[in-house]
Each structure stands twice: as structure tokens, then as C-alpha cells.
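Quick note: the sequence shown uses the numbering used here, first residue 1016, plus one each step.
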Amino acid sequence: MLDSCELHAEPQPFVSYQMRPHPAWVLLDMGVSGIADTLLLPWTIYQQNEYGYINASRFK
């Protein structure tokens, strides 16, 4: 959530030494995440059928 100071402040200067992930790592991460999601989805569906809806507010 942005506050008024962040919305109306001057932009931060770009510093060239800030690390940015290499595109190959980003693509690798997307692929691994897609495979993990595909493998875990059946387990998630089973858990939801077995135990019903899990209220997310209990994790707060």
C-alpha cells in the first residue's frame, strides 16, 4: 500500500550497481515453479476434498 509520501516524492536515482536477475534465471524459475505447481496441484485437491476448505485467517 502506498502512502502520500511515496506517491508524491521524487523518483529514486538509478544506481548502476543494483543487481538485476539475469533473464535466464527468471525463465528457469518460471519453469521450475510451473512444474512444482503442476505436481502439487493433485495433492492440494486431495487435501481440500479430504479436509474441506481451510480458513486462511487461522494463519494470521
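Just so it is clear, CB atoms sit at the ideal spot from N, CA and C, and this is done for glycine as well.
Helix, strand or coil at residue i [DSSP, three-state]
i, result
"residue 1018", "coil"
"residue 1037", "coil"
"residue 1050", "helix"
"residue 1060", "helix"
"residue 1068", "coil"
Residue-level contact to chain B via CB, residue i, 7 Å cutoff
i, result
"residue 1053", "Included in the structure is just one protein chain, with no chain B present."
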